[in-house]
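Numbering (our numbering), first residue to last: 579 to 1719.
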């Protein structure tokens, strides 16, 4: 039924209307913008001669009160209108329009006219109040920059002849706290005032003056009051004056009621602080662009929001107290925003209570587990940056508090919900800020029917060619879901275990590559894709995406050494060529070709992948040689590169890695360790790269950044326990050395993946306590400790009929096939790290059990040197109970001689040691087969180790030193080989590879190492060669050997004197200069003497002291200007050299 106006009564300050029903106040407004964003005014009061009356509206239940802003209504005829519209007065209960014309039909404005006679000459009133929580109630200032007066004055419009006043003020104690009264600024001397404030919301006040007061407006009483901290922000109320008595009734007076607004003066956008938006809105009204304050996007919706729709803007924005709103009010608000002095604007409280609580989600699916997150709470608080805690509290709306809990800011379920039993729940939540201020709110939560998760994902294609452009589609995704009308979104969970890898992306329902892929870098990817239905349930599936290979041309050629010793003879190996080609397994041929840089091609030849000299190299004649090389891959693609061959110098000799262990399941970019290089030259810089060659098996699983070795992705200790890489360190001159490193992948705990039960049958008649079978677990972490328990869940029907003891499933009943023929149990296996898996087993009750009768093995020979764990053969058992399963064990007894060399894995006999034919060729084991009921049979088997050729394991040389200057063709020493095949024969060769630096300086004759040049200790004292030994079956082993050149003393070759002049008349005994000797033995010491022989003419004029030449006479330039002496130098080994000086 539509609301009507039950009664209407004018008041001195406006009017009061009583409605038949409560109305919706959400869209009621009195003022608007010029653009009409908030709609027409819903309440107007128009004087016939005075015009529009500005005022404010207070709505309390069914009572609507209009209070004029400028005091009591002047004498005039007034028309009051209440607008009936969808954005005006509507019924709160059913939304029907106001029946303003009371014709029984919704719609129609309420319009009435009333007349106000001339008011009494004396009006007793209160000013309208705008103050926020915790603020003191004061009259607005009398101008910009002026201090606020104390208290709220009770004002007389004309005090002429007044001696006493008694009145009662009624107010809302939730919005105002009057604590005291005092005499006002205009009270005469000797006046007194008293007040009864005992009843909250009622203040009875009496005032008298000893002498009659003079004419004019007077503030006779000040109310000392504050707004309570918990007063609702934006709420409105009235201060009503009643029981007014002036001069004991001798004078007639009327009362002017006041309106109270709980808000900070000037906070016209209602956000409980001051900002530039407040100043802008005030300025627009002040210059008549708007008639009210309308804020857009207050909630992000883009709709207009009117924070104080029924309050006169002059009350809210006039912070100077002069002439309504003006740019001066806006200016003062801006001064407050930037922290300048504004004494006319009261200070905001140091802290304010929260203003609202929100919950991110208010629905929860039925059947979700206890502890499921419903949503997260957040709090609106004027104190920016404040923190809040949340709690369920008693009060209205707390009906279902016990069904939930709060953890931090998250609402959690405390029970399992059933939408068919109850589909809505109400809770009462309190937020508390850091100062202890609180706010409570009731939330209604809805339980939704359960959505079923997807069960599978399909991908239309799982391969993509390498080098395809970015955004190329691999295939289209589709989802299997029993909710047939569901829609799905797809996302990538991980790529090769990494959640940050962006190699692939999802575009709609298509899996696409984000860049060009390279088969040689990575040929396949493990991509986990998640499909999520519209209810938020998801399913993950792993796809292996293969990269198809295409042949690509080589991109670079490298040479292991681009330097060669001066005077190297024809046939000397300079270095070995390698080719960079993304096709990692490609093969290459090399040739010298014409073109830019081929100047010296004729001086070299290529044998296989080796560059060799074709003439004697002479760096005295030519400082470098330029050649042009072409590499051709197996597909005919070519690449050419120019090399400059220079005279060899000493390069790096070794590479070390600070750490060679990395944890499994890490991420791409994890640092393994730091490389350092050993080199003869200190201070050099080095560049590290991966290279192909021995030990390069796992180069692609790592990357090098500067001097750091990094993982290229997640590694797995169980499948990749040790990895090998080959690294080159190149110095600033291009010299390099290569090293092979073994990287260990350390294990982290991983969950078990499956449970096994050795037996699943129990024979009828077996008593309670019978062992059904032994439990086993598949776990990536070999050697992990597993604990077994019977647990609830699918398949747990008969858990109570069994126990688990020491890893065995044991009956807790006497087996009887006639009573029950099968049982279902659910078992959990939990590892030492707390990770687990569960499995359901069906136990079958069979007829009476008989013992097995025989054991067979399908193979009884194995090659020597086979890896530990190699399967010898599969065991089987003959038993009349054809459904029986069997457990095999190695047992003691006749024939158990070699049990320790073997183990049993399920039904397989496997090696537990590496067998050696040469040591032992036949092995005896004793095996027992036990059925599920403990009956067994035993059998002895003979296992034969078959012979295979063993590769050599080491090379030795009986002498590794040779004296310098020894003639070419001298035997250095004889090679011998270590090989398990004792009677084997061997051949030896110098081969390319790590450590082959000086192969060209030697040859091999039979089993002897022979020099191919003459050595000089001072030029090079150590030579590295790589030797291969090959046994009679072609098995090989290579080893790097170091040959040391021993020093022989060499004769000095020259004498020098650092000064060869002396002044005439210098005293005898004057030092002329110091001798020095040139000797290939750089660290040698020398003694000097004057000796007879050619050039010794003037020996007598000098002596030698230590290493100095000293005068033995006084010289006269005019008599003799030059002198000849013969000096001998003798090294520490007695070798001498003489020179004339």
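For glycine and all other residues, C-beta sits at the position ideal for the given N, C-alpha and C.
- Taking a cut-off of 8 Å on C-beta distances, the region 1327 to 1339 touches the region 1418 to 1429, as three or more cross pairs fall below it.
- A distance below 7 Å separates the beta carbons of residue 1594 and residue 1542.
- Cα atoms of residue 779 and residue 749: separation of roughly 5 Å, rounded to the nearest angstrom.
- Assigned with DSSP and collapsed to three states, residue 1181 falls in helix.
- Secondary structure within the region 1586 to 1654: the beta strand (DSSP E) runs of 3 or more consecutive residues, fully enclosed, are 1586 to 1589, 1600 to 1609, 1614 to 1624 and 1632 to 1635 (chain order).
- The C-beta separation of residue 747 from residue 702 comes to about 10 Å, leaving the pair out of contact by the 8 Å criterion.
- Inclusion of residue 805 and residue 914 in the CB contact set at 7 Å is not warranted, their separation being larger than that value.
- Taking 7 Å as the cut-off, the beta carbon of residue 635 is found no closer than this to the beta carbon of residue 619.
- The region 1625 to 1636 makes contact with the region 1705 to 1718, as at least three CB pairs between them are under 8 Å.
- Around the beta carbon of residue 1165, a 10 Å sphere encloses fewer than 16 other beta carbons of the protein chains shown; the residue is thus reported as exposed.
- Boundaries of the beta strand (DSSP E) around residue 797: 796 to 804.
- Annotation for residue 913: the continuous alpha helix (DSSP H) segment containing it runs 905 to 915.
- By the criterion of a C-beta distance shorter than 8 Å, residue 1489 is surrounded in its chain by 1440, 1444, 1445, 1446, 1447, 1448, 1450, 1479, 1480 and 1481, once the five residues flanking it on both sides are discounted.
- About 5 Å separates the beta carbon of residue 1566 from that of residue 1582, a gap short enough to meet the 8 Å contact definition.
- Our two residues, residue 1025 and residue 946, have alpha carbons roughly 10 Å apart in a direct line.
- Residue 1361 sits exposed, since fewer than 16 C-beta atoms from the chains shown fall within 10 Å of its C-beta.
- At the C-beta level, residue 1504 and residue 1465 stay beyond 7 Å of one another.
- Taken through DSSP and simplified to helix, strand or coil, residue 1017 comes out as strand.
- Distance check between residue 753 and each of 715, 1591 and 1231 places 715 closest, using alpha-carbon atoms only.
- In this structure, the beta-carbon distance from residue 1092 to residue 1077 does not fall below 7 Å.
- Counted as a single uninterrupted DSSP element, the beta strand (DSSP E) harbouring residue 1317 occupies residues 1314 to 1324.
- Bounds of the alpha helix (DSSP H) holding residue 892 are 891 to 895.
- Looking at the backbone, the Cα of residue 738 and that of residue 755 are separated by about 31 Å.
- Residue environment analysis places residue 960 among the buried positions, since at least 16 neighbouring C-beta atoms fall within 10 angstroms of its C-beta.
- Contact check for residue 596 against residue 581 fails: the beta carbons are separated by 7 Å or more.
- For residue 689, the enclosing beta strand (DSSP E) begins and ends at 688 to 694.
- Partner residues in the beta bridge of residue 1306, as assigned by DSSP, are 1267 and 1316.
- Counting along the chain, the unbroken beta strand (DSSP E) around residue 1107 starts and ends at 1102 to 1111.
- Taking the C-beta atoms as reference points, residue 1205 is found no nearer than 7 Å to residue 1219.
- Closest in alpha carbon position to residue 1648, among 1640, 1655 and 1654, is 1640.
- The count of Cβ pairs closer than 8 Å, one atom from the region 1283 to 1291 and one from the region 1195 to 1203, stays below three, leaving the stretches out of contact.
- By the Cβ-count criterion, residue 758 is exposed, with fewer than 16 other Cβ atoms from all chains shown falling within 10 Å of its own Cβ.
- Within the region 1503 to 1550, the complete beta strand (DSSP E) runs of at least 3 residues fall at 1514 to 1524, 1532 to 1535 and 1539 to 1541.
- A straight line joining the alpha-carbon of residue 725 with that of residue 907 spans about 15 Å.
- For the beta strand (DSSP E) assignment, the uninterrupted runs of no fewer than 3 residues enclosed by the region 928 to 977 are, from N- to C-terminal side, 934 to 937, 941 to 943, 951 to 958 and 966 to 970.
- Within a 10 Å sphere around the beta-carbon of residue 870 sit 16 or more other beta-carbons, which makes this residue buried.
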